[in-house]
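A.B. asks: Encoded as structure tokens, here's the structure I'll be asking about.
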Amino acid sequence: MGKNKKGKQKITLKGIVASPGIVQGKVRVVKSPKDILMAKREEIIITPFLSPDFITLLKKNGQIKGIVTNEGGATCHAAILAREFKIPYIAGAGKATKMLKNNMDIILDGEKGTVYEI
Amino acid sequence: MKYDKFSKIDSIKEIKRYSLPRPETIFIFDFKKQEKEIDKFLKGKKTVSIRSDKRGNSRFCPNIPRCQSSEAKPLIEKINTQGYAVILHEYLPVKKGRIAAGHILILKNHILMELIGSGPVSRLDRQGAVEEIIKFRKSNLEEVEHFGRRLAKVGVFRKVANLVENIPCFRVLDFALMEKGVYFYQIQNDKTAKGLRD
């Protein structure tokens, strides 16, 4: 699962590198800011966008491994904070919240701006 | 009059130092002493933008992005008495006559623009409403990456990139591209951008 015919990892999503780093983890699709507090270790947060409410809660949960958002870019507040906290972050990934489902295993490549399904 | 340690005001002064175009602006530290200057600024303007700044604390400062000139003076006085310096700007509409607005991040080898068409730029910051992203190579201003819909021909943004190519790295400029010209109204440091792929 998650590999093409040549055995390479299938790219599930592409977006903009907002904070660098490569991490592997389980998907947690987050729709309400409070859900961020429920995120566990090794989880990668998938959300439409990180509004200021999300960011405040993000600071409280230091276990988040990575972030992918449908909207946003590298100069938004969320991106600057993710870089400050050294959390890999891919912004502007279009349909991330639709394509990625809870508990999927993914690799977030915050160097290339890609998400791979494992 | 001392302007030191007002981060927004310093930032506007820095824009002037780089000879970048900016909206007509005055700084008000003492309403009573500067009343004539304010009157002169307001004369002939229907609408203005009011921002404010505090020494050593520029966050959560009151601002009125669109203010009728006739209502400006009491608001300026009120903001002044609350301990804030007022930045009084020429109003740049967020819809009429605007082509695009957004942020320009200066990287070591590239210039990255993240843009929004109409609406306040705070939508870009707080809601991530990016409509177009363009990355130019600094050495020849060639467009190397593009996302989203074209808000204007690439040549238009290349001219903007040309204005900022000598700005030091890891600075973010806020700007608005109007039909009548381009205006820069803020410049900030973003040291975290050092980690971005360049």
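Line by line, the protein sequences are chains B and D. Throughout the first sequence, residue numbering follows my numbering, covering -18 to 99 in sequence. Throughout the second sequence, residue numbering follows my numbering, covering 232 to 429 in sequence. A virtual CB, placed ideally from N, CA and C, is assigned to each residue, including glycine.
At 7 Å on the CB atoms, spell out the chain D contacts of B:S32, in chain order.
C.D. replies: Ordered by position in chain D, the residues that pass the 7 Å Cβ test against B:S32 are R357 and Q358.
A.B. asks: Report all residues from its chain with a CB closer than 6 Å to the CB of D:K339; omit the five preceding and five following residues, and keep chain order.
C.D. replies: C400 and D429.
A.B. asks: Using a C-beta to C-beta distance shorter than 7 Å, which residues of chain B count as neighbours of D:L394?
C.D. replies: Here the premise fails: no neighbours, minimum Cβ distance about 17 Å.
A.B. asks: Let me confirm a value: D:N207 is counted as buried when at least 16 other C-beta atoms fall within 10 Å, else exposed. Which label applies?
C.D. replies: No information on residue 207 of chain D is available, as it lies outside the stretch 232 to 429 that chain D covers here.
A.B. asks: In this structure, does DSSP put D:R381 in helix, strand or coil?
C.D. replies: If DSSP states are grouped into helix, strand and coil, D:R381 belongs with coil.
A.B. asks: Could you tell me the boundaries of the beta strand (DSSP E) in which B:T95 lies?
C.D. replies: Unbroken beta strand (DSSP E) run through B:T95: T95 to E98.
A.B. asks: From D:S250 to D:F272, what distance separates their C-alpha atoms?
C.D. replies: Distance between the alpha carbons of D:S250 and D:F272: 21 Å.
A.B. asks: CB-CB under 7 Å to B:A63, same chain, minus the five flanking residues each way: which ones, in chain order?
C.D. replies: Here the set comprises A(-1), S0, I48 and Y70.
A.B. asks: In its own chain, which residues sit with a C-beta less than 7 Å from the C-beta of D:P293, not counting the 5 before and 5 after it?
C.D. replies: Hits under 7 Å: S283, I310 and Y315.
A.B. asks: Just to confirm, is the Cβ distance from B:T56 to B:A74 under 8 Å?
C.D. replies: Result no, Cβ atoms of B:T56 and B:A74 do not sit closer than 8 Å.
A.B. asks: Name the DSSP beta bridge partners of D:N294, please?
C.D. replies: DSSP, once it has assigned bridges, lists no residue as partnering D:N294.
A.B. asks: CB D:E321 to CB D:V385, shorter than 8 Å?
C.D. replies: No, Cβ-Cβ distance for D:E321 and D:V385 is not below 8 Å.
A.B. asks: Using a C-beta to C-beta distance shorter than 8 Å, which residues of chain D count as neighbours of B:A59?
C.D. replies: In chain order: G359.
A.B. asks: Rounded to whole angstroms, what's the CA-CA distance from D:D241 to D:N420? Just pull it up for me.
C.D. replies: One C-alpha to the other measures close to 12 Å.
A.B. asks: What are the partner residues of D:T256, as DSSP defines its beta bridges?
C.D. replies: DSSP output for D:T256 lists D:H320 as bridge partner(s).
A.B. asks: From the DSSP output, in three-state form, read off D:E361 for me.
C.D. replies: Checking the sequence shown, residue 361 of chain D turns out to be Val, not Glu. Coil, per DSSP.
A.B. asks: Runs of 3 residues minimum, wholly inside the stretch 8 to 89 of chain B: which ones carry the beta strand (DSSP E) assignment?
C.D. replies: List check, beta strand (DSSP E) in window: 24 to 28, 47 to 50 and 70 to 72.
A.B. asks: What did DSSP end up calling D:R248 once you bin it into helix, strand or coil?
C.D. replies: Three-state DSSP puts D:R248 in a helix.
A.B. asks: Please tell me whether B:G94 and B:K(-5) are closer than 8 Å, where the distance is taken between their beta carbons.
C.D. replies: Taking 8 Å as the Cβ cut-off, B:G94 and B:K(-5) qualify as a contacting pair.
A.B. asks: Using a Cβ-Cβ distance under 8 Å, would B:G53 count as near chain D?
C.D. replies: So yes, B:G53 belongs to the interface.
A.B. asks: Could you give the C-beta distance for D:K236 and D:R286, rounded to a whole number, given that I count them as a contact under 8 Å?
C.D. replies: Rounded, the Cβ-Cβ distance is 5 Å, consistent with contact.
A.B. asks: Taking the alpha helix (DSSP H) that D:F415 falls in, what are its first and last residues?
C.D. replies: Element bounds for D:F415: not the alpha helix (DSSP H) but the beta strand (DSSP E), G412 to N420.
A.B. asks: If you pair each beta-carbon of the stretch 22 to 40 of chain B with each one of the stretch 352 to 365 of chain D, do three or more pairs fall below 8 Å?
C.D. replies: Taking 8 Å as the limit for Cβ pairs, the verdict is that the stretch 352 to 365 of chain D does touch the stretch 22 to 40 of chain B.
A.B. asks: What does the alpha-carbon distance come out to for the pair B:N109 and B:E98?
C.D. replies: Shown here, chain B extends from -18 to 99; a query on residue 109 of chain B therefore has no answer.
A.B. asks: In this structure, how does DSSP classify D:S349 when only helix, strand and coil are distinguished?
C.D. replies: It is coil, neither helix nor strand.
A.B. asks: Counting only beta-carbon atoms, is B:E92 nearer than 8 Å to chain D?
C.D. replies: Yes, contact with chain D.
A.B. asks: Taking C-alpha atoms, which residue in D:R329, D:I342 and D:F415 lies nearest to D:E376?
C.D. replies: Residue D:I342 is the option with its Cα nearest to D:E376.
A.B. asks: What separation, rounded to the nearest whole angstrom, lies between the Cα atoms of D:I257 and D:P305?
C.D. replies: Those two C-alpha atoms are separated by around 16 Å.
A.B. asks: For B:V11 and B:R22, what's the separation of their Cα atoms in angstroms?
C.D. replies: Cα to Cα, the separation comes out at about 15 Å.
A.B. asks: Of the residues that make up the stretch 63 to 78 of chain B, which ones have a beta carbon closer than 7 Å to any beta carbon in chain D?
C.D. replies: Of all residues in the stretch 63 to 78 of chain B, R64, E65, A72 and G73 have a Cβ within less than 7 Å of some Cβ in chain D.
A.B. asks: Tell me the rounded alpha-carbon separation between D:E362 and D:G379.
C.D. replies: Between D:E362 and D:G379, the C-alpha separation is close to 6 Å.
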